[in-house]
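Presented below is the structure to which this report refers.
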Amino acid sequence: EPYVYAFSKYTNPNITKDDVLNHPVESMAELVLSFWYIYDLETRVKKFKETIKEWKIDGVLLHNNMSCRPNSCGQYDLKRRLMEDLDIPSLIITSDMNDPRKLNETQVINQIESFIEILRQRKKQ
Numbered sequence: 001e002p003y004v005y006a007f008s009k010y011t012n013p014n015i016t017k018d019d020v021l022n023h024p025v026e027s028m029a030e031l032v033l034s035f036w037y038i039y040d041l042e043t044r045v046k047k048f049k050e051t052i053k054e055w056k057i058d059g060v061l062l063h064n065n066m067s068c069r070p071n072s073c074g075q076y077d078l079k080r081r082l083m084e085d086l087d088i089p090s091l092i093i094t095s096d097m098n099d100p101r102k103l104n105e106t107q108v109i110n111q112i113e114s115f116i117e118i119l120r121q122r123k124k125q
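For what it's worth, the working numbering labels the leading residue of the sequence shown as 1, then goes sequentially.
Listed below in structure tokens is the structure:
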């Protein structure tokens, strides 16, 4: 049965509301240091590999956010490495969180549908 494992750089299950209210500086430091995207490519590849193996992930969807270029740096290299090292397909969706006019909804839907078909075909093998 399909399962989606999602993570965001803005969440950390180890940080609670009480932590933020009672220890704001320490909580912010832990949150920022837990962002995979602030590290070099090798560290990000390592973190993705660990997560892929632990959760038995079949494919990775990455968001190339045109309004936040620093967080999108290295995604094409990451995609290439995941395919080369683990044979894990990835899809990069490009959009702009600040300008919805830049989103080509039809194109994104087609990309996602094609990606899902690739994952289905790989499951059959």
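Even for Gly, the Cβ is constructed at its ideal location relative to N, Cα and C.
For clarity, every value in this text was computed on a predicted model and none was experimentally measured.
Each residue's CA atom was taken as its position, placing Arg122 and Ile88 some 10 Å apart.
Between Ile92 and Gln107, the C-beta spacing is not below 7 Å. Under the DSSP assignment, Asn64 falls outside any alpha helix (DSSP H), being part of the beta strand (DSSP E) whose first and last residues are 60 to 65. For Leu21, the enclosing alpha helix (DSSP H) stretches over residues 17 to 22. Fewer than three beta-carbon pairs drawn from the region 20 to 34 and the region 61 to 76 are found closer than 8 Å, and the two stretches are therefore not classed as touching.
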